[in-house]
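Those protein sequence lines, which keep their order, are chains B and R. Sequential numbering from 39 applies to the first sequence in our numbering. Sequential numbering from 39 applies to the second sequence in our numbering. Every residue, glycine too, gets a C-beta built ideally from N, C-alpha and C.
Protein chains: 2
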Amino acid sequence: MKKVSVGVDIGGTNTAIGIVDEAGKVIAKGGIETPSHGDIEKYMDDLTAAIRNLVSSAGEILTVLGIGVGAPNGNYYNGTIEYAPNLSFQGIIPFVELLKKRFPELDIIALTNDANAATIGEMIYGGAKGMKNFVMYTLGTGVGSGIVVNGDLVYGHDGFAGECGHTTLIPDGRTCGCGAKGHLEAYCSAPGMKRTAFELMARYNATDSLLANKSFNELDSKMIFDAAEAGDKIALEVFEITGKYLGQGLADTVHHLSPEAIFLFGGPTAAGDYIFKPTKESMEAHLLPIFTDKIKILPSELDSGDAAS
Amino acid sequence: MKKVSVGVDIGGTNTAIGIVDEAGKVIAKGGIETPSHGDIEKYMDDLTAAIRNLVSSAGEILTVLGIGVGAPNGNYYNGTIEYAPNLSFQGIIPFVELLKKRFPELDIIALTNDANAATIGEMIYGGAKGMKNFVMYTLGTGVGSGIVVNGDLVYGHDGFAGECGHTTLIPDGRTCGCGAKGHLEAYCSAPGMKRTAFELMARYNATDSLLANKSFNELDSKMIFDAAEAGDKIALEVFEITGKYLGQGLADTVHHLSPEAIFLFGGPTAAGDYIFKPTKESMEAHLLPIFTDKIKILPSELDSGDAAS
Chain B
39 MKKVSVGVDI
49 GGTNTAIGIV
59 DEAGKVIAKG
69 GIETPSHGDI
79 EKYMDDLTAA
89 IRNLVSSAGE
99 ILTVLGIGVG
109 APNGNYYNGT
119 IEYAPNLSFQ
129 GIIPFVELLK
139 KRFPELDIIA
149 LTNDANAATI
159 GEMIYGGAKG
169 MKNFVMYTLG
179 TGVGSGIVVN
189 GDLVYGHDGF
199 AGECGHTTLI
209 PDGRTCGCGA
219 KGHLEAYCSA
229 PGMKRTAFEL
239 MARYNATDSL
249 LANKSFNELD
259 SKMIFDAAEA
269 GDKIALEVFE
279 ITGKYLGQGL
289 ADTVHHLSPE
299 AIFLFGGPTA
309 AGDYIFKPTK
319 ESMEAHLLPI
329 FTDKIKILPS
339 ELDSGDAAS
Chain R
39 MKKVSVGVDI
49 GGTNTAIGIV
59 DEAGKVIAKG
69 GIETPSHGDI
79 EKYMDDLTAA
89 IRNLVSSAGE
99 ILTVLGIGVG
109 APNGNYYNGT
119 IEYAPNLSFQ
129 GIIPFVELLK
139 KRFPELDIIA
149 LTNDANAATI
159 GEMIYGGAKG
169 MKNFVMYTLG
179 TGVGSGIVVN
189 GDLVYGHDGF
199 AGECGHTTLI
209 PDGRTCGCGA
219 KGHLEAYCSA
229 PGMKRTAFEL
239 MARYNATDSL
249 LANKSFNELD
259 SKMIFDAAEA
269 GDKIALEVFE
279 ITGKYLGQGL
289 ADTVHHLSPE
299 AIFLFGGPTA
309 AGDYIFKPTK
319 ESMEAHLLPI
329 FTDKIKILPS
339 ELDSGDAAS
């Protein structure tokens, strides 16, 4: 009989489920669509069925120790999901309470911000093993982050610490998904990169760019990467500019926390040096001399698909 | 026989010394000039003599438990002062080691960043009593900060955490004392306010401003406050703009740390609502909705002159 934990990662489109053994190995994966119908009770029923099904079909007898949930705007203190902009469930959802009703046999059901969950994963199973002070940025549809100080994840006074994607890079800059202006997320998320590509095509009238035949709703960060690989000037400049913005934000984080390293996680980081090099250069240019050449920027060692675990 | 601690606050111009009893009361104050001669051994001798003199002339028999030092670029882990831009001592100064040689009878000699020392003071004796997660900004010649998470001061990986004065507000903005561009300190320190006043006088050709007869080297933040009190438009706008900048920076801090409160300490904060009101408005405008109207901005309850203690 094997002891396992269940990890749930709630994204705007899909909810991933992973079963993890005590060594941190993902032994089964599943998932359901994150619905747009806004009916939280129905979603909890579907999620419960999917978890029970995944556990019972694993091919061996499993003892589930607990469930860990990562969710946008997840609050560790209250077990709630609060006003998540990318989910159809409105207001404050008492997620842990609703899940406990469906798994009365489990003592441990915990929820946190999705980026915090990835940060804990990096600390236990990834590149941050043994690090006591580090930060993780997750770049995707949005930009999340998790902060570790003295070996503990920082939750802050009300459980919402680590929203570094919403630091301000450009006063009165681009409108962010949250409604404010000039936030890092509006520049360094995957949609932020797309916005930069469209700005650049407009600036240069770049009819010959490999990106010039894609609509605003078609273009994604993978296409920008492929175009950069093919030598497209617009795509290459998108990475330069995104790195410049991101480095400015990372320097702000360094000045707050003096971390040993900052990990980058998520789709846009697959571009490797295209994004890491300008990010590092920009971060260094914004730093106090006491921090120069001290802080590592590292790719996450987590498998993107396994971050929930 | 009374048990006391000695606090030393090393500023660019003066070194303040305070003797503090176990209740946190400052029972004697003294000080020496922080020299410009760059001779650290001579300074340590003078400082030692001043401390011993203050202790022996206190009018009662004192047992000194330890010495706590706050210094710009002070490193708690190493007991060093490293490359402090406003001090004449060059490179890395092994301050605690040099002081221990002169006070071999003391077990406890500790050094930290001056803003961190003020933050600890706020936590033990000031308005942050009982708070587990808060941040303090010290506004003066420079802008320092101290961060408390779960009741502990954050030092970070290398002991230099809490340099929030060097977050970037304006990409490619004003040159900061540290050499980088657009840092908060270049806008929200006392000299930063002066720079704003001169920018505004230049913009409006403000020959009728109460500040228009002061040279760049004469004008200070107290004069700007007095002019604001007299209704001077330039002075009033300086506070509006300084608050706008500071609020942007405080929002970045909130997004990192989700503190219960942010304390403001130092000369410019004596202007009360002139600075607190626009700061609060600007911070709120830059925040994620989950933080709206949650984070207090409070004046420090420490006496400026006693921050060393």
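Distances from the CA of residue 85 (chain R) to each of R:126, R:136, R:41 and R:65 were compared; the closest alpha carbon is that of R:136. At a cut-off of 8 Å between beta carbons, residue 291 (chain B) contacts chain R. In the DSSP assignment, residue 176 (chain B) falls within the unbroken beta strand (DSSP E) covering 172 to 177. With 16 or more other CB atoms across the displayed protein chains lying within 10 angstroms of its CB, residue 161 (chain B) is buried.
CA-CA distance, residue 98 (chain R) to residue 92 (chain R), rounds to 11 Å.
With a 10 Å radius around the Cβ and a threshold of 16 neighbouring Cβ atoms, residue 128 (chain R) comes out exposed. DSSP places residue 183 (chain B) inside the beta strand (DSSP E), whose first and last residues are 181 to 187. For residue 334 (chain B), not one C-beta of chain R is nearer than 8 Å to its own C-beta. Annotated three-state conformation of residue 337 (chain B) is strand, per DSSP. It is roughly 47 Å from the alpha-carbon of residue 108 (chain B) to the alpha-carbon of residue 232 (chain R). Taking every protein chain shown into account, the CB of residue 75 (chain R) has fewer than 16 other CB atoms within 10 angstroms, so this residue is exposed. In this structure, residue 226 (chain B) sits near residue 284 (chain B), with a CB-CB distance shorter than 8 Å. The Cβ atoms of residue 303 (chain B) and residue 156 (chain B) sit closer than 8 Å to each other. Taking a 10 Å sphere around the C-beta of residue 242 (chain R), we find fewer than 16 other C-beta atoms and assign the residue as exposed. Looking from the CA of residue 131 (chain B), the closest CA among B:111, B:143 and B:140 belongs to B:111.
Residue 295 (chain R) belongs to the set of residues whose beta carbon lies under 8 Å from a beta carbon in chain B. Proximity of chain B to residue 286 (chain R) at the Cβ level (cut-off 7 Å) is accounted for by 206 and 209, in chain order. Apart from sequence neighbours up to five positions away, the residues of its chain that approach residue 81 (chain B) with a beta-carbon distance below 7 Å are 73, ordered along the chain.
By the Cβ criterion, the stretch 183 to 194 of chain B is in contact with the stretch 182 to 189 of chain R, since at least three pairs of Cβ atoms, one from each stretch, lie closer than 8 Å.
Straight-line spacing of the CA atoms in residue 321 (chain B) and residue 205 (chain B) works out to 15 Å. One Cα belongs to residue 272 (chain B), the other to residue 234 (chain B), and the distance between them is close to 9 Å.
Interface annotation, residue 243 (chain R): not in contact with chain B, CB-CB separation never under 8 Å. In summary, the residues of the stretch 108 to 127 of chain R whose CB is separated from some CB of chain B by less than 9 Å are 111, 113, 120, 121 and 123, in the order they occur in the chain. Under the 10 Å beta carbon count, residue 152 (chain B) is surrounded by 16 or more other beta carbons and is classified as buried.
One thing to note: residue 144 (chain B) has its Cβ no nearer than 8 Å to the Cβ of residue 134 (chain B). Here the alpha carbons of residue 221 (chain B) and residue 212 (chain B) stand approximately 7 Å from one another. With a beta-carbon spacing of about 16 Å, residue 63 (chain B) and residue 101 (chain B) fall beyond the 8 Å limit used to define contacts.
When the five nearest sequence neighbours on each side are left out, the beta carbons in the same chain lying within less than 8 Å of the beta carbon of residue 104 (chain B) are those of 43, 44, 144, 145, 146, 147 and 148, in order along the chain. By the rule that beta-carbons nearer than 8 Å mark a contact, residue 147 (chain B) does not touch chain R. Within 9 Å of the CB of residue 202 (chain B), the CB atoms of chain R belong to 290, 293 and 294, in sequence order along the chain. Between residue 172 (chain R) and residue 198 (chain B), the C-beta gap is not smaller than 8 Å, which leaves the two residues out of contact.
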